[in-house]
Amino acid sequence: MFFLAFAPTGFAQTEAPRKEFTYGLNFNTNGGIIGGISLRSSKTIQDRWQQFWGLEIVEVKHPKENKYLGQGGDIFVLGKTNYMYVFRPEYGREYMFFKKAQESGVEVNAVIGVGPSVALLVPYYIDYDVNEVGRSGNPAQQRDIQRVRYDPVLEHNKPDFIIGSAGFLTGINETEVNIGAHLRTAVSFEYGRYQENITGIETGFLFEAYPKKIILLPQAQNNSVFTSVYLTIYYGRRK
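The letter at position 197 of the sequence shown is residue 1349 when you use the working numbering, and the numbering goes up by one with no holes.
Here's what the structure looks like:
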């Protein structure tokens, strides 16, 4: 079916052009509570076929990330050295298995999409007591709290002296760009009440690969290949 998705489309009777625009929230097994957002513009090219251009923006987290409470009452992730934000521009096709009735029902589509993956690695910064006057330090000594790029292996390997996370914008000027590629396969279920309104869910599998390992937690296993199962809740309009 995937080979047919990208085959020439001139052999079947076509309908009048139909355009759609949708936006949605993404939930996936590599993200947090909300993985990211998605945008998609689609056009009918054949009786049951649509082509689309899309963009997905997500945060990818290491499966072994654990949050802790620092001395200052702020949360930090022990051992984390980089945030990872991925932009996924994409081209794909949808095949309609079941068409929605005019004012009700469910439309079921198979989805395949491919495209580049642009991963932005933003260094993880923490507020750290460099004089190490924390829970196990010398109470007579003054604290010296500095905002530093987290090095959990050599310099900042004593969690008791971590005050908290400095926030993702702190290291944004040191962002490293990694270019990879991704492939998704999915099934979508549209159940909007009216023909011009779009409401639905898409669930599927995403495979993503980069030329080198992406380091998120240096003391854990890091990978160049990421796989995830995802669910996107989307809304939109067609005309």
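Ideal Cβ positions, reconstructed from N, Cα and C, are used throughout, including at glycine. Since this is a predicted model, take the numbers as computed values, not measurements.
Residue-level contact to chain D via CB, residue i, 7 angstroms cutoff
| i | result |
| --- | --- |
| F1357 | Looking at the structure shown, chain D is missing, and only one protein chain is on hand. |
Rounded C-alpha distance that separates residue i from residue j
| i | j | result |
| --- | --- | --- |
| M1248 | R1301 | 49 angstroms |
| P1370 | V1305 | 8 angstroms |
| T1322 | L1272 | 14 angstroms |
| Y1220 | P1268 | 34 angstroms |
| R1345 | S1256 | 5 angstroms |
| I1366 | G1183 | 15 angstroms |
| K1195 | R1170 | 6 angstroms |
| T1174 | G1316 | 38 angstroms |
| S1380 | N1180 | 6 angstroms |
| G1191 | A1372 | Sequence check: residue 1191 is Leu here, not Gly. Approximately 33 angstroms, taken between the alpha carbons. |
| D1199 | G1222 | 58 angstroms |
| S1193 | V1329 | 26 angstroms |
| G1224 | W1205 | 45 angstroms |
| A1333 | R1299 | 34 angstroms |
| I1297 | K1364 | 35 angstroms |
| D1303 | M1236 | 17 angstroms |
| A1168 | N1374 | Residue confidence is low: A1168 scores 47 on pLDDT, short of 50, so the model does not pin down where it sits. Its coordinate-derived value is still stated next. Approximately 49 angstroms between the Cα atoms of the pair. |
| V1260 | I1331 | 33 angstroms |
| G1356 | P1311 | 38 angstroms |
| F1378 | I1197 | 32 angstroms |
| A1338 | E1360 | 15 angstroms |
Whole-angstrom C-beta distance between residue j and residue i, which should lie under 8 angstroms
| i | j | result |
| --- | --- | --- |
| E1246 | V1263 | 5 angstroms |
| E1354 | S1376 | With 8 angstroms as the limit, E1354 and S1376 do not qualify as a contact, their Cβ atoms being about 26 angstroms apart. |
| L1368 | K1232 | 7 angstroms |
| G1176 | Y1386 | 3 angstroms |
| V1270 | F1320 | Not quite, the Cβ-Cβ distance comes to about 17 angstroms (not below 8 angstroms), so this is no contact. |
| R1295 | N1283 | 6 angstroms |
| T1351 | Y1362 | 34 angstroms between Cβ atoms; not a contact. |
| V1258 | G1244 | Actually they do not touch by this definition, with Cβ atoms about 21 angstroms apart. |
| T1384 | N1234 | T1384 to N1234, Cβ: 25 angstroms. No contact. |
| E1172 | R1390 | 4 angstroms |
Burial state of residue i (16 or more Cβ within 10 Å)
| i | result |
| --- | --- |
| Q1202 | buried |
| I1324 | exposed |
| T1427 | An answer regarding residue 1427 cannot be provided, because it is not within the stretch 1153 to 1391 covered by the chain. |
| G1388 | buried |
| Y1280 | buried |
| N1218 | exposed |
| L1358 | buried |
| P1215 | exposed |
| R1348 | Looking at the sequence itself, residue 1348 is Glu, so the reference to Arg does not match. So E1348 ends up on the exposed side. |
| A1318 | buried |
| I1314 | buried |
| E1307 | exposed |
| F1163 | Interpretation of F1163 is limited by its pLDDT of 40, a score under 50 that renders its predicted location unreliable; the figure taken from the coordinates is listed afterwards. Exposed, by the Cβ-count rule. |
Report yes or no: do the region 1199-1217 and the region 1176-1188 share at least 3 C-beta pairs separated by less than 8 angstroms?
These segments touch.
Pairs of beta-carbons, one from the region 1270-1281 and one from the region 1224-1232, closer than 8 angstroms: are there three or more?
Here the region 1270-1281 makes contact with the region 1224-1232; the two share three or more CB pairs at distances below 8 angstroms.
Residue ranges of each beta strand (DSSP E) run of no fewer than 3 residues wholly in the region 1253-1328, ordered along the chain?
List check, beta strand (DSSP E) in window: 1259-1275, 1277-1281, 1297-1301 and 1314-1317.
Which full runs of the beta strand (DSSP E) of 3+ residues lie inside the region 1342-1385, going along the chain?
If we require 3 residues or more, the beta strand (DSSP E) runs fully inside the region 1342-1385 come out as 1349-1366.
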